[in-house]
Structure formats: structure tokens, C-alpha cells
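There are 2 protein chains.
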Amino acid sequence: MENQKRTTIYDIAKKLNLNASSVSRALNGSSNVSEKTKELILKTAKELNYRQNSIASNLRKGENRTIGVVVPRINQNFFSNVIAGIEEVTYQKGYNLIICQSNESYQREIKCVDTLINQHVSAIFLSISADFEDNEHLKSVGEHQIKLIQFDRVDDELDTFKVLCGNEEASFEAVEHLLTQGYRRIALLEGPQNLNIFRQRKKGYLSALAKHGLSLLPELIVENAWTRELGAAATEKLLALPQPPDAIFASTSDFAALGVLDVAQARGLKVPQELGIIGFSNEAFTEITQPSITTIDQFSKEIGKNVANLYFQKLSKTASSETNKIVSIRPKLIIRGSTLRNGI
Amino acid sequence: MENQKRTTIYDIAKKLNLNASSVSRALNGSSNVSEKTKELILKTAKELNYRQNSIASNLRKGENRTIGVVVPRINQNFFSNVIAGIEEVTYQKGYNLIICQSNESYQREIKCVDTLINQHVSAIFLSISADFEDNEHLKSVGEHQIKLIQFDRVDDELDTFKVLCGNEEASFEAVEHLLTQGYRRIALLEGPQNLNIFRQRKKGYLSALAKHGLSLLPELIVENAWTRELGAAATEKLLALPQPPDAIFASTSDFAALGVLDVAQARGLKVPQELGIIGFSNEAFTEITQPSITTIDQFSKEIGKNVANLYFQKLSKTASSETNKIVSIRPKLIIRGSTLRNGI
DNA sequence: GAATTTTAAGCAATCGATTGCAAGTTCTGA
DNA sequence: TCAGAACTTGCAATCGATTGCTTAAAATTC
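One line per chain: the protein sequences are D and V, in this order. Residue 299 in full-length UniProt numbering sits at position 299 of the first sequence, and the numbers go up by one each step. Residue 71 in full-length UniProt numbering sits at position 71 of the second sequence, and the numbers go up by one each step.
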């Protein structure tokens, strides 16, 4: 039982004294088979528990209705939602997804891409890892006739389709909101600057300050504070300054913002009166903390859908070079208790 | 450029006046090729930007180092963590994952399984959808020489490898904890009873009551309260009873528990003094609410790792029928503020 | 230097499905 | 009744890599 082979079209053909080509045609609904034999073939296929071997079919047809997705972490809220969005669209089109996670490692990202190239996927959707170094591996994707679409964390230099989140605008808007609430010494928790998204968020922060005639205070910028713990540590450091900030923009993540809130509460600092806090991503918990945390919703599922749609749109209108290569999803500032000290 | 074909071993062979078989052997590190030609082939392969076509290789070798994973929802914390755990192990072994989501739909679950069978994956790891009806599609997995491992939400009738979470014990422990804290009228928010996990959680609830000589009060059991909203609605209903409960065990999810907390706070009920609350899953936010919510950690990533390990273990010790077909991961009750009214 | 072993490389079949072309059969209409 | 159209079906090549077998060449032994 265990060792029996799967039935192939040849088995069906032999049983019916037909040729495999007719079986193939019947199963694919071709018109070149008489109704009688078609029915017979379909019946026998069911009897023998036949299933098409997609591998053989793919090889012969030279196509593979499979798309590879490479993300830093599958189980991060943002990425798992993007994947859900992608899947929603690709499923409709009859495509499968191969999911890989780079674990924020550049070497592993290269390996993932290599495997996907070998798998002959039709496209790769990718968000680069935190310790991204160089885009050779991404270039080679195109060289192998595979469409590459980058999203969120992208390499700007590479001319591919991209789906971005308006990080700079969102960041600008967040800081401006703090300013209108009367905060003046606004600190920034920034992410690794080799990632475009964190560069853009910083840019938005800087231009909001500039617009309001405030000068940049380097001591108010803390590098690499991603996590709750690092966010807390950064806050300790900031609050120990001779002139501590009156607001902290955790541009890295809501987790960092939570760390900020932890420290503020431990020190008995009133939020938002004495310290304003803004996070990034609209994680579920931001609504639940007391006070709730002002943050930025990135519409992660929408991003995923757009990535997939960009691919299929490209497929359908091959001619239209009009198609924009870059789609930007506008994030939304969600104002909550942690920054509302003057009312709206 | 766009239309050029990918280079194959034949292209390499032609360029070097060799036979494709030698190229194949060289690339696979076989000993039957001289060092000189091997080097030459490797060099030329690099020059021509050669990549193996895994599809062809898989077809010929009749194996596919790919595993299919079917989950109800990719972007649910529990499942995305399980997937991360699976990926951690399978990546080590050089296997790829094809991820499908059933979206809690039985029909779609069948489709996912069908596709994976056609893809000739070596194994399918699956957690059944909420409106599961019948296991025909799962039986057919085995008929096609594909190993099936079920996890978390499993069909008990089917004799496959399984990785389970000790739902009944955890539930029992949770209710017993409530009892030791002096709660006596304990309500249960229960999930769809066609899923084993919810049946087991209910069972644990019932046996804890029984052990302590308390009789079951049917009015304290509310069906299908999964979400925050449904949890809130259920709570409204329960609190409107002539004899309302003094504790609510949201066996469905932490989201439901959050809904309970919402209503309690809206009504000015003191938690844990007047109402005890327990959730399920240890979502990140349960630690953050005020009071924090007592809940059950399922070690989702561990579950994923165990699923994958079960598969590879099966591969390595084929003979050992000793191997247990069922692995159970013991969940852990995490006691927090929402139930601690008497101290520990 | 002849005989034998070792090594290297080529040949051809194979995995399972698809598809252009050819051959055979049935049907249509004059 | 027969030419020609319209269907059915079969044949054989193909996708790209792998592998058992054979042959040719080189290395070893006596």
C-alpha cells in the first residue's frame, strides 16, 4: 500500500486502451475528444484516484503558478497581515505562495531568493532584511525572468515595482500633531538607517521640526530602539538629560512606544500632560493601554493586496508602460490619549 | 533580453563539448568526473548564470523537498507563530513551505489540500477550519503517499500524527484556579463544538466544577463568543441574569476576555474583586490591560517546531513504530491581576 | 609490453504531462 | 457514391535533470 505509485495518465490510458494524449486532452477539457471517451476518462480518473502531477505539467508548460514571498519575520503582525493580503489576491488567481523568512539576516535572504529562483516561481515579493548589504541577489532575480516586487522595506536603487507606505508623510504628520499639541522638545527613537523606511521616518521628523522653525537637537535622537526593552532603555536615557524631552516619537514600532509608556508610568510622569508618546504600526494593544497610544496605521493587508495586484496588472496590460511602477499606500495617524493634552 | 531562455545543463555541455550527464554529475559533486572538467563546468555554469531547475530535478527524482501548511488564518497570532516554528525546523533541513489559508472555510480547506496533493509535497501540516464537516479530503492525503500531521485543531477520528495542546488540562487548571480564588459562579464562553479544542476546553471546565462538587448551570454557558464584540455581548447577557456569574472564563480567546473586561469596566464592576476573568492564548495585550488578564500560554512556536520535528523524526527512524503518534504540548496558566483577589 | 583495473565520459531511457502533426474515421453534401 | 470537410485518436518529441549501462581512455600491475 505504502509503496504503490500514484496513478498517471498512462495508467488511465492503458486501462481504456487509449493514448495518454487523449487522456491529457480530456482532463484539460480540450474539444478534441469525443464526449463519450471524455466521460469514460473522467470516470476512470476518479476511480483510480488520479491527481495531476503539477510538477510534470509545470515542466512541460514552462510555467509555475507559484509566487515566492520573502519577509524578515512571518510572525510579525505587519508581515503576517501583508501575507494575508497577498494570499487573498493570489488565491483568486489560482496561484500558490511559497513563504520564506529571512529572519532579518542578509545571508539567509540571499538563500531564500536563490531557492525561489531554482523553483522557477513566476514572481518574488520581498521586503528586505535589517542587515541588508547589497542588491546583487535581487538583480539576479530579474536575470532569471522572474518579476520582482519590493514592498515596505525596499532598496531604492533597484528599478523594480514597489509598494511603499508613505513613511515620510506619516512621520511628518505625527510630529506636526505633537507640535500643535504644544510639545516642543520632541525626541525620536530611530531604526537602523540602512533601511529606507527608517530613513524616511527620520526625514519626516526633521522636516516637521524645520517647518516649525525648531532646530534639531542631536541628544534627542536615539538609535536602534525597536523593542519594548530598548524603548524603555532609551527613555531612561532621554529622561536623564538636563533638558529632557516633553514628547517621544517611537518611529520604530509600537513596542518601543510601549517601553516608553512603561518608564513614564514607573516614574510617575503623567501621559500626555508631561510626556507625549507616539508609536508606529497600530498594533492591537495600542488601543488598550492607559492612556491609549497615538500611532500610525499602515494598512498592512492593503499593502499585501496591492503588491499582488501590481503583479497581475502587469501581466494583463503588458503594453501599458504607463503603469506606475511605484504604488504608495497612505498611512493614517490615529490620535489617541497619549498625545491629546489640548483636545483636538 | 526579456525572452531569452534560462541556461540549462545542455547549454553548458554544448559550450564545452561535453554531454549533459557529465555536467549534471559535476554540479552534483559526483566522483565520476575528473577534477579538471569539474572545475571547467563549474566555471562555465557561473559564467552563464546557470541555476538548477528544481522542477525538472524534482520530476526526475520523484521527490519534492516541499511541505504544505494549511491554517485557518495566516495572520492570527497563534498560527503565524506556529508557522514560524515550523519554518525554523524545515529551513534547517532544506525544505520549502507552501502556505495556504483556509479562511475558516471547509470548502477552501479542501481546495488547499487538493492543490498540495497535486504539487506532490512530501507532507501536509494542517489545522482544520471552523466549519469542518468531514475528513474525506484528509484521508485522500494519505492515499497519495503524503504524510499528514494535524496540529491544534485536529480531527480525532483520523489516525495521523498529531501535535496537540493540552486544552483540557489547561482549562481544568484555569477553572480550578478560579475556585481557589473563591469564585463560585463561573461562566464559560465556549467555541464551536465541532472543533476538538473547544470541546476539550469545555470538558476541562466541567470536570473542574465536578471535582469541586459544583453543579453545571446551563445559563452560565454562552456559545460561540470568539471576538471582542461577541465577548462583550455575552458578558452583557450574563450580567443581566438574576444571579450573575462572579467569574468568566473566555475559553475561546483573549479577545473575548478583553470584551468581558470592556463591559466590566463600563459598568464599574471591579476586576478581580467582583468579577474574575480568564482568557486563552496569552496574546501580547493581556499583559498590558489594567488589570492584566490571566490567560493560558500555548507555546505556539513550540507547537510548530514539534510538528516539523515529528515529520523528520518519522523520516529518520522508519522502523520505530514505537514513536508516539501524538505529541502534546503542555500549556501554562499565566496568573495575572484579573483573577488574583486572594493573593497566591 | 601486454593484461587488467580504474577512471572518465557518452548514450539513452526516464520522470509525467503536453502538444504539433499525421493518420484514421465519420459525416456532409452534391 | 464519393470527394472533402470535420472529428477523433495516435505518434512522437519535448520540458530539464538524473542515472544505469556501455564504451573509451588512462593508469596500474606483473
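Built from N, CA and C at the ideal position, the CB exists for glycine as well.
Proximity below 8 Å, CB of residue i to CB of residue j
i: residue 37 of chain D; j: residue 26 of chain D; result: yes
i: residue 182 of chain V; j: residue 226 of chain V; result: no
i: residue 65 of chain D; j: residue 122 of chain D; result: yes
i: residue 259 of chain V; j: residue 235 of chain V; result: yes
i: residue 246 of chain V; j: residue 216 of chain V; result: no
i: residue 54 of chain V; j: residue 119 of chain D; result: yes
i: residue 166 of chain V; j: residue 330 of chain V; result: yes
i: residue 257 of chain V; j: residue 250 of chain V; result: yes
i: residue 248 of chain V; j: residue 187 of chain V; result: yes
i: residue 69 of chain D; j: residue 99 of chain D; result: yes
i: residue 288 of chain D; j: residue 289 of chain V; result: yes
i: residue 312 of chain D; j: residue 93 of chain D; result: yes
Alpha-carbon spacing of residue i relative to residue j, whole angstroms
i: residue 125 of chain V; j: residue 14 of chain V; result: 43 Å
i: residue 87 of chain D; j: residue 58 of chain D; result: 21 Å
i: residue 106 of chain D; j: residue 130 of chain D; result: 8 Å
i: residue 46 of chain V; j: residue 133 of chain V; result: 52 Å
i: residue 56 of chain V; j: residue 110 of chain D; result: 22 Å
i: residue 261 of chain V; j: residue 262 of chain D; result: 21 Å
i: residue 322 of chain V; j: residue 95 of chain V; result: With a pLDDT of 47 at residue 322 of chain V, under the threshold of 50, the modelled position of this residue cannot be trusted, and the question is left open.
i: residue 43 of chain D; j: residue 108 of chain V; result: 24 Å
i: residue 278 of chain V; j: residue 128 of chain V; result: 25 Å
i: residue 205 of chain D; j: residue 79 of chain V; result: 36 Å
i: residue 334 of chain D; j: residue 189 of chain D; result: 19 Å
i: residue 48 of chain D; j: residue 339 of chain V; result: 58 Å
i: residue 294 of chain D; j: residue 163 of chain D; result: 25 Å
i: residue 137 of chain D; j: residue 203 of chain V; result: 53 Å
i: residue 229 of chain V; j: residue 253 of chain V; result: 12 Å
i: residue 17 of chain D; j: residue 115 of chain V; result: 29 Å
i: residue 265 of chain D; j: residue 232 of chain D; result: 11 Å
i: residue 158 of chain V; j: residue 328 of chain D; result: 47 Å
i: residue 176 of chain V; j: residue 210 of chain V; result: 10 Å
i: residue 32 of chain D; j: residue 91 of chain D; result: 30 Å
i: residue 85 of chain V; j: residue 103 of chain D; result: 12 Å
i: residue 72 of chain V; j: residue 161 of chain D; result: 30 Å
i: residue 81 of chain D; j: residue 280 of chain D; result: 15 Å
i: residue 147 of chain V; j: residue 178 of chain D; result: 56 Å
i: residue 237 of chain D; j: residue 272 of chain D; result: 19 Å
Beta-carbon neighbours of residue i, restricted to chain V and to distances below 7 Å
i: residue 74 of chain D; result: 80, 83, 84, 87
i: residue 269 of chain D; result: None at all; the shortest Cβ gap to chain V is about 17 Å.
i: residue 115 of chain D; result: 96
Cβ neighbour criterion (16 or more within 10 Å) applied to residue i
i: residue 212 of chain V; result: exposed
i: residue 342 of chain D; result: exposed
i: residue 319 of chain V; result: Below a pLDDT of 50, predicted positions are generally treated as unreliable, and residue 319 of chain V, at 35, falls in that range; no measurement from the model is reported.
i: residue 9 of chain V; result: buried
i: residue 34 of chain D; result: exposed
i: residue 180 of chain D; result: exposed
i: residue 317 of chain V; result: Note that residue 317 of chain V scores a pLDDT of 45, beneath 50, so its modelled location is shaky and nothing firm can be said.
i: residue 12 of chain V; result: buried
i: residue 326 of chain V; result: exposed
i: residue 242 of chain D; result: exposed
i: residue 301 of chain D; result: buried
i: residue 324 of chain V; result: exposed
i: residue 336 of chain V; result: buried
i: residue 77 of chain D; result: buried
i: residue 184 of chain V; result: exposed
i: residue 1 of chain V; result: The pLDDT assigned to residue 1 of chain V is 37, lower than 50, so where the model puts this residue is not dependable, and the model offers no usable value.
Chain D residues whose Cβ lies nearer than 8 Å to that of residue i
i: residue 118 of chain V; result: 51, 52, 53, 54
i: residue 285 of chain V; result: 284, 285, 288
i: residue 306 of chain V; result: Here the premise fails: no neighbours, minimum Cβ distance about 16 Å.
Residue i: contacting residues in chain D (beta-carbon distance under 7 Å)
i: residue 6 of chain V; result: 144, 145
i: residue 99 of chain V; result: 97, 99
i: residue 64 of chain V; result: 55
Residue i: contacting residues in chain V (beta-carbon distance under 9 Å)
i: residue 107 of chain D; result: Going along chain V, no residue has its Cβ under 9 Å from residue 107 of chain D, so there is no contact; the nearest lies around 12 Å.
i: residue 295 of chain D; result: Those do not exist, as residue 295 of chain D stays about 14 Å from chain V at its closest Cβ, beyond 9 Å.
Residue i: contacting residues in chain D (beta-carbon distance under 9 Å)
i: residue 59 of chain V; result: 53, 55, 56, 58, 59
Check: Would you call the stretch 203-223 of chain D and the stretch 281-291 of chain D in contact, with 3 or more CB pairs under 8 Å?
Finding: Cβ pair count under 8 Å is below three, so no.
Next item on the list: Please determine if the stretch 193-211 of chain D and the stretch 153-170 of chain D are in contact, where contact requires at least 3 C-beta pairs separated by less than 8 Å.
Entry: Three or more pairs of CB atoms, one per stretch, sit closer than 8 Å, so the stretch 193-211 of chain D contacts the stretch 153-170 of chain D.
Notebook entry, point to check: Is the stretch 300-309 of chain D touching the stretch 171-182 of chain D, taking contact as three or more C-beta pairs under 8 Å?
Noted result: The stretch 300-309 of chain D vs the stretch 171-182 of chain D: no contact.
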